[in-house]
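Protein chains: 2
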Amino acid sequence: MKEPTDRRPTMLDVARQAGVSLKTVSRVVNREDGVSAGLAARVESAVASLSYRPDDRARRLRRYAYHTGSIGFVLVDVANPFFSAIFRGIEEEARNRDCLVLAGSTDGSEVRERQLIEAFIDRRVDGLILVPSGEGLGPLRSEIDRGTPVVVVDLELAGDQPVDLVRSDHYGGGVAATRHLIDHGHTEIAYLGDDPSIFSARLRLDGFRHAMESAGLTAPPSREVFGSHSAEEWRPIALNLFSTDPAPTAVFTAQNFATIGAVHALHDLGLQHKVALVGFDDVDLAGAVDPGLTVVPQEPRQLGRRAAELLFERIDGLDHPRRNEIIDHRLILRGSGEIRPA
Amino acid sequence: MKEPTDRRPTMLDVARQAGVSLKTVSRVVNREDGVSAGLAARVESAVASLSYRPDDRARRLRRYAYHTGSIGFVLVDVANPFFSAIFRGIEEEARNRDCLVLAGSTDGSEVRERQLIEAFIDRRVDGLILVPSGEGLGPLRSEIDRGTPVVVVDLELAGDQPVDLVRSDHYGGGVAATRHLIDHGHTEIAYLGDDPSIFSARLRLDGFRHAMESAGLTAPPSREVFGSHSAEEWRPIALNLFSTDPAPTAVFTAQNFATIGAVHALHDLGLQHKVALVGFDDVDLAGAVDPGLTVVPQEPRQLGRRAAELLFERIDGLDHPRRNEIIDHRLILRGSGEIRPA
DNA sequence: GGCCGCATTGACAACGTTGTCAACAGGTGG
DNA sequence: CCACCTGTTGACAACGTTGTCAATGCGGCC
Numbered sequence: 008m009k010e011p012t013d014r015r016p017t018m019l020d021v022a023r024q025a026g027v028s029l030k031t032v033s034r035v036v037n038r039e040d041g042v043s044a045g046l047a048a049r050v051e052s053a054v055a056s057l058s059y060r061p062d063d064r065a066r067r068l069r070r071y072a073y074h075t076g077s078i079g080f081v082l083v084d085v086a087n088p089f090f091s092a093i094f095r096g097i098e099e100e101a102r103n104r105d106c107l108v109l110a111g112s113t114d115g116s117e118v119r120e121r122q123l124i125e126a127f128i129d130r131r132v133d134g135l136i137l138v139p140s141g142e143g144l145g146p147l148r149s150e151i152d153r154g155t156p157v158v159v160v161d162l163e164l165a166g167d168q169p170v171d172l173v174r175s176d177h178y179g180g181g182v183a184a185t186r187h188l189i190d191h192g193h194t195e196i197a198y199l200g201d202d203p204s205i206f207s208a209r210l211r212l213d214g215f216r217h218a219m220e221s222a223g224l225t226a227p228p229s230r231e232v233f234g235s236h237s238a239e240e241w242r243p244i245a246l247n248l249f250s251t252d253p254a255p256t257a258v259f260t261a262q263n264f265a266t267i268g269a270v271h272a273l274h275d276l277g278l279q280h281k282v283a284l285v286g287f288d289d290v291d292l293a294g295a296v297d298p299g300l301t302v303v304p305q306e307p308r309q310l311g312r313r314a315a316e317l318l319f320e321r322i323d324g325l326d327h328p329r330r331n332e333i334i335d336h337r338l339i340l341r342g343s344g345e346i347r348p349a
Numbered sequence: 008m009k010e011p012t013d014r015r016p017t018m019l020d021v022a023r024q025a026g027v028s029l030k031t032v033s034r035v036v037n038r039e040d041g042v043s044a045g046l047a048a049r050v051e052s053a054v055a056s057l058s059y060r061p062d063d064r065a066r067r068l069r070r071y072a073y074h075t076g077s078i079g080f081v082l083v084d085v086a087n088p089f090f091s092a093i094f095r096g097i098e099e100e101a102r103n104r105d106c107l108v109l110a111g112s113t114d115g116s117e118v119r120e121r122q123l124i125e126a127f128i129d130r131r132v133d134g135l136i137l138v139p140s141g142e143g144l145g146p147l148r149s150e151i152d153r154g155t156p157v158v159v160v161d162l163e164l165a166g167d168q169p170v171d172l173v174r175s176d177h178y179g180g181g182v183a184a185t186r187h188l189i190d191h192g193h194t195e196i197a198y199l200g201d202d203p204s205i206f207s208a209r210l211r212l213d214g215f216r217h218a219m220e221s222a223g224l225t226a227p228p229s230r231e232v233f234g235s236h237s238a239e240e241w242r243p244i245a246l247n248l249f250s251t252d253p254a255p256t257a258v259f260t261a262q263n264f265a266t267i268g269a270v271h272a273l274h275d276l277g278l279q280h281k282v283a284l285v286g287f288d289d290v291d292l293a294g295a296v297d298p299g300l301t302v303v304p305q306e307p308r309q310l311g312r313r314a315a316e317l318l319f320e321r322i323d324g325l326d327h328p329r330r331n332e333i334i335d336h337r338l339i340l341r342g343s344g345e346i347r348p349a
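So the protein lines, in turn, are chains A and B. So the number in this note's numbering is just where the residue sits in the first sequence, counting from 1, plus 7. So the number in this note's numbering is just where the residue sits in the second sequence, counting from 1, plus 7.
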C-alpha cells in the first residue's frame, strides 16, 4: 500500500531514497550502462516503491529539444465518421512512431481553427495535419516558414508553400457519378451538396457541371441546392425538390448527410424505385436500404494514413518539393444509381 | 518576409533583439504591468518580427507545476461512431477550459491500453477518461493512488477507488428491448452481441436473459451468438442463424455491427418483414431501411460530456466519494421491432 | 612503488520559462 | 540636503530532467 502524496515523486526523491546522486538515477531509468549492480538494484527498488515515472516534458525539454512526440490534428468534427476515420488512419501511423495525437474540432469556425492551431503550436507539436475550415491558412503561415511540417487534407492551396496535400478525387468522382446517371438515360438531374465555398464541395459541383455540359445538359439553379445541413434538415429540402413539377428523375447527393436526407425523402414519397440516386461517400446501411445505394466512396482511413506518412517524412527532415496526392475514386453499384427514367 | 531559421526563437532571442532582459520580455508577454511604454513597444515589435510564441511546456514546468492543460482519452476505436461521439462530448467540455485532448485507440488490446495510459501519464495529463478494453485497471492503480483523476466510461468496477463511472443503462436497455419483442408475441428470440467478457455486453446479455426468464422463456446456446465482428462478418453468421429449423422469429442485436449484419442477412433472405429485430445503438439509415429499425439508442455525446464534467470537477480538487452515473435508456419504434410472429 | 587506465559516481550547467528579490533612478516630504 | 518611497528593471534560482566532464578508487603493469 502506497500512501498517497500530494506531490508527484521526482527523480530527486528517488535519489534520496536510494542514497545516490540524481545522475545515477537518471542512468538507471534510461538503462545506460556503467552502473554497478548493487546501486542499480537500490535505485530500481526506490523507483518501484515510489512508483516513479519520469516526466516526459522535462526530459524532452533537455534532451531532444524540439521533438515533443506529439502531432496535432485539426478537423471539422470528430463525431463525423468521415473525419474520425481519417483520425484513425493518422493514429495508426503515429502509433508506429510512439507519437501521440492531439485533436480538436473546429465546427467550421475559422476563429476556432486559429485557436486550435495556436494552442498546438504553443505546445510545440512536431507537426500538424489540418482539414481546413475555410480557404485561408493565415495563422499557419509563419509557422510553416519556421519549419513545422504541415499536411493539409482535402484542400488545394495557392502558392508553393512546402505543405503537402492529400485528398480524394472530388472532381473525378463528381464527373463519374453524374456521367453514370446520364449513361442510364437521365437528363433531369439534381444536385444536393455542401456549400461550394468548401473546397471539396466546389470540386464535386464542378465535376457535376462538367459532366452535364459535356452531355449538352444543364441543371437550373433550382436543382442545385447547397448548404451545410444535418440529415434531418436535408430531408424536407429533398422532399420539396422531388415534389416540384417537373421533378428531377435523378439526383447526385454530393455529401453524406444529403444522401441520408434524400433517401429518407424518397422513401417518404414512395419514389425510391423511380428516382435514381448516386451519393458521394459511403454510409453504414447503404447496402441494406431498398434499393441499395450506389455511391462514390471515399477512403478516409487511407487519406489519414497517407497524410501521416507524408507528415512524418517531413518531421524526419525530408526536404522535398510540395506534394499533391489525389486518392483515386471508384463507383460502387448497388441499385439506386441504375434506375432508368420512366 | 521572415527568413526561416533552423532554431525556434526563444525568449532570450527576443530579449537580445529588443535590448532588454529576459524578465522584461516575460513581463510583456504575460501582460504584467510595471513595464514602461517604451520598452514594452520595443519588446512587442521584437516578438512580432521573430514571430515568437512562448513554449507552453517550459512555462507550465515552471509556473503551474503539475497542470499541463491536457487530458487523455483512451478508447477502443476512434473510427467507431459511438466512440467518436463520446470524444466529441468530451471535447466540448474541454474546450470551455482551454484544455486539449490526447486520444488513442486500443482496439481492445490490454497491452496497447497499458501503453497508452503510460504514455499519457508520462506526459502528465491532468486527468484520464477511459473506455476500458478489459476488466482490469492494472496500470491505473498507482496513478489513481497518486491523485490523477480518472473517469471510466462504460465499465463497472469492484472496490471503492475514487474513480467516477458514467455509462448507459445496458441492463435496462437489454430488458426493454427483449420485453418489447416478447410483448409482441415472440417466444423464439435470438441474441447477437459482443463477447460477454466486455462489461457492457455482459449487462445487455443479462438483461436479455432476465427478460426471457421472467416470461418463462429460455434461448438455447445456439441462439446466443457472441463475438467481436465487423458488419460483414456478422452477415453470414446471421444468415446461418435464420436458416436453421426452427428459425427464431425475432432477434435482439445488442451491438451496432451485429445490427447491420443482421439487417443485411434478413434482406438477403427476404425475411425483413417476417422476423422482428430490435437493436442496441442507433445507426445512420435506421429510418430509411424497410422496415425502419426499432432500437435502444445510446447517447454517446452526452456520455462524453458528463464524463468530462465529472473529470474536471476532480481536477479542480473536488473531493467526493466515487460517483456512478447511469444514463437512462429509451426505445425508438420504427417498425422492425413491432413485427408479430406468423 | 609509482603511474596509467578503466570503471564507477557525482557536481554542475543547461533546456525555456517564471517567481523572488535586490538594485537603481527619480521624486517627495521633512 | 537627506531619508524614504515608488516605479522600473534585471540578476538569479528554480521547475525536472539529461549531457559534459571531473573526481574517485581500484587493479595491473613496468
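For each residue, glycine too, the CB sits at the ideal point set by N, CA and C.
Based on the DSSP secondary-structure assignment, which residues constitute the bridge partners of Leu135/A?
-> Gly79/A, Val157/A
When the Cα atoms are used, what is the spatial distance from Gly299/A to Pro328/A?
-> 43 Å
To the nearest angstrom, how far is it from the Cα of Val35/B to the Cα of Glu51/B?
-> 7 Å
Proximal chain B residues relative to Ile128/A, where beta-carbon distance stays under 7 Å | Arg60
Should Asp133/A be flagged as near chain B, meaning a C-beta pair shorter than 8 Å?
-> no
is_contact[Thr12/B, chain A] using C-beta, thresh 8 Å | Low per-residue confidence applies at Thr12/B: pLDDT is 46, beneath 50, and the placement is therefore not dependable, though the value from the model is reported in the following sentence. Answer yes: the Cβ-Cβ gap between Thr12/B and chain A drops below 8 Å somewhere.
Please report the residue range of the beta strand (DSSP E) in which Tyr59/A lies.
-> Per DSSP, Tyr59/A belongs to no beta strand (DSSP E) and is neither H nor E.
Beta-bridge partners of Ser112/B, as assigned by DSSP = Leu82/B
Output yes if chain A places a C-beta closer than 8 Å to the C-beta of Ala86/B; else output no.
-> yes
Could you tell me the distance, in whole angstroms, from the CA atom of Asp326/A to the CA atom of Val258/A?
-> 45 Å
Would you mind sorting His336/A into buried or exposed? The rule is 16 or more other CB atoms within 10 Å of its CB.
-> buried
Could one say the Cβ of His274/B lies closer than 8 Å to chain A's Cβ atoms, at least one of them?
-> yes
Going by C-alpha distance, which of Leu82/B, Asn37/B, Glu332/B, Arg321/B is nearest His74/B?
-> Arg321/B
Which of the residues in the stretch 101–116 of chain B, read from start to end, lie with their CB under 7 Å from any CB of chain A?
-> Leu107, Val108, Leu109, Ala110, Gly111, Ser112
Have a look at Ile205/A and His177/A and give me their C-alpha separation to the nearest angstrom.
-> 12 Å
Ser229/A to Ile189/A span [Cα, whole Å] | 19 Å
Given Asp288/A, which residues of its chain have a CB within under 8 Å of its CB, disregarding the five upstream and five downstream residues?
-> Phe89, Gln262, Asn263, Thr266, Val302, Val303, Pro304, Gln305
When you compare only the Cα positions, how much space is there between Phe80/B and Thr251/B?
-> 43 Å
Any C-beta of chain A sitting closer than 8 Å to the C-beta of His271/B?
-> yes
Backbone CA spacing between Leu57/A and Gly26/A [nearest angstrom] = 14 Å
Since I believe Phe249/A is in contact with Val282/A (beta carbons under 8 Å), could you give me their beta-carbon distance rounded to a whole number of angstroms?
-> 6 Å
In or out: Leu135/A buried (at least 16 other Cβ within 10 Å) or exposed?
-> buried
Under a three-way DSSP split, which group does Asn247/B fall into?
-> helix
Name the residue from Ser175/B, Thr194/B, Ser237/B, Pro243/B whose alpha carbon lies nearest to the alpha carbon of Arg211/B.
-> Ser175/B
Grouping DSSP H, G and I as helix and E and B as strand, with all else coil, what is Asn331/B?
-> strand
Sequence-distant residues of its chain with Cβ nearer than 6 Å to Pro16/B (five each side left out) = Leu57, Tyr59
Buried or exposed by the 16-neighbour rule on C-beta atoms within 10 Å, applied to His193/B | buried
Candidates Glu345/B, Gln279/B, Leu292/B, Asp201/B: closest to Arg242/A by CA position = Leu292/B
Take the Cβ of Pro139/B as the centre, count every other Cβ of all protein chains shown within 10 Å, and call the residue buried at 16 or more, exposed below.
-> buried
Using a C-beta cutoff of 8 Å, does Ser91/A count as contacting chain B?
-> yes
Determine whether the Cβ of His316/A lies closer than 8 Å to any Cβ atom of chain B.
-> Note that residue 316/A corresponds to Glu in the displayed sequence, not to His. So, not an interface residue.
How far does the beta strand (DSSP E) with Ala257/A in it reach, from first residue to last?
-> 257–260
For Gly294/B, return the contacting residues in chain A, with the cut-off set at a CB-CB distance below 7 Å.
-> His271
Return the Cβ separation of Arg95/A and Ser112/B in integer angstroms, given the expectation that the two are a contact with Cβ distance under 8 Å.
-> 7 Å
Under three-state DSSP, which class holds Ala283/A?
-> strand
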